[in-house]
Each structure stands twice: as C-alpha cells, then as structure tokens.
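In my numbering, the protein residues as written are 23 to 214. Comments concern the structure below.
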C-alpha cells in the first residue's frame, strides 16, 4: 500500500497490491493529508475537506479479483445554495467495489460485448477493471465522497424568499395576450 504521486491532476491516489492477498483480507486504512484534502475540495467543487479517513478491507474475490469494502468518514464544508455561507457536514459512507484484472474472464461482466447494457438497479455494480498488479483506490474514494455530498446544501430553516422583480408592481399583472393585442394594427374602422 502506498500513496502515489498525484502530479496528473488526480486529487487522491492510494494504491494497493492486487496480488497475493491474505485469505482473510488486508486492512486498508489511511487519512488524507492537508495537500490531498485541498486538492480533493477543488476537484469536488466544495469549500473544504476538513478530514478524510478511510477504513477498508481488501479480500480476494473469485479467482483473480479483489473486493474492497469498508467505510469513508469525512468532514466537509459546502456552500449553502441559499445564503452562500459555508456549512459543515459529516459524511459516513459505506464503500464497496469489486476489481478484476484487464485480461480476466470476469472483465466481460464489466464490459459486455452486446450493444445493450442491462443493469439491475438493486444488484451489485459490475466489477471495475484494473491494469497491472496494483489498484488505485483514490478515484473510487473521491467518487464515493462526491456521491455522498448534498447536491443542494442549506442550513436548517433556510429557504428562498419570494422576490418581486416587477419594475412596476402597482401596475397590475398584464397578460401575454394583452401585450400581443397591442401589436395588432387596427383595421379601417378602428377595430383591432
């Protein structure tokens, strides 16, 4: 297990070995450092990632695959969509993914040969394909974190107030058809 250099714009990298895993699995635990959290906040488009702790277990799956399960715990700061004030949020998200090597027969599950893709919404996700003998969990952890974020964060009790944008509110409402009738030229008797 090691943190890989992330000079390629990927905010979080954490590689594990995909070969010779113990039968009972291998613990994968790490805490993102300040640089990784800042890069992750930029990638996710949020104010800040205050903390990110990952507690996973990688176990052999079928013959040559790897199953990774556990939890991701984070403190993030998002901007309220109402007041634009920063809001602190706690995230405790379950993580589960299956990885198979590129040449594996099981990779066909991940990339079906048919033109149609049949997905069971209640079923497990198809396996992810990796190359070589290492799996970079960083992008998958970032994906799980972004899916756990509130897409429209706001503080409790915050709501949008009705805003009147009419420049002359006392003039009353005017129908679109009334506006169109003023554009019609009158006939020779003065009727519109």
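Positions of the beta carbon are idealized from the N, C-alpha and C atoms, including for glycine.
Under the three-state DSSP convention, the category residue 149 falls into: If you number the chain shown from 1, residue 149 lands on position 127. Residue 149: coil per DSSP, three-state reduction.
Contacting residues, own chain, Cβ-Cβ under 7 Å from residue 222 (five flanking each side not counted): Residue 222 lies beyond the residue range present for the chain, which begins at 23 and ends at 214; the question has no answer from this structure.
Start-to-end residues for the beta strand (DSSP E) that takes in residue 74: Reading the chain shown from its first residue, position 52 is the one you call residue 74. Here the beta strand (DSSP E) through residue 74 covers 70–83.
Contact under 8 Å by Cβ, residue 86 with residue 97: Within the chain shown, the letter at position 64 stands for residue 86. Within the chain shown, the letter at position 75 stands for residue 97. Cβ distance not < 8 Å, so residue 86 and residue 97 don't count as in contact.
Bounding residues of the beta strand (DSSP E) (the contiguous stretch that carries residue 47): Along the chain shown, read from residue 1 onward, the residue named residue 47 stands at position 25. Segment: none, residue 47 is in no beta strand (DSSP E) and carries neither H nor E.
Other residues of its chain near residue 162: CB distance less than 6 Å, five sequence neighbours each side excluded: Residue 162 sits at position 140 when you count from the first residue of the chain shown. Hits under 6 Å: 119.
Beta-ladder partner(s) of residue 38, from DSSP: In the chain shown, the residue the question calls residue 38 occupies position 16. Beta-bridge pairing links residue 38 to 157.
Which of helix, strand or coil DSSP assigns to residue 109: Counted from its first residue, the chain shown places residue 109 at position 87. Residue state, collapsed to three classes: strand.
Same chain, Cβ closer than 7 Å to residue 112, neighbours up to 5 away in sequence not counted: For the purposes of this step, residue 112 is taken as residue 90 along the chain shown, with counting starting at 1. So the list reads 97, once near-sequence residues are dropped.
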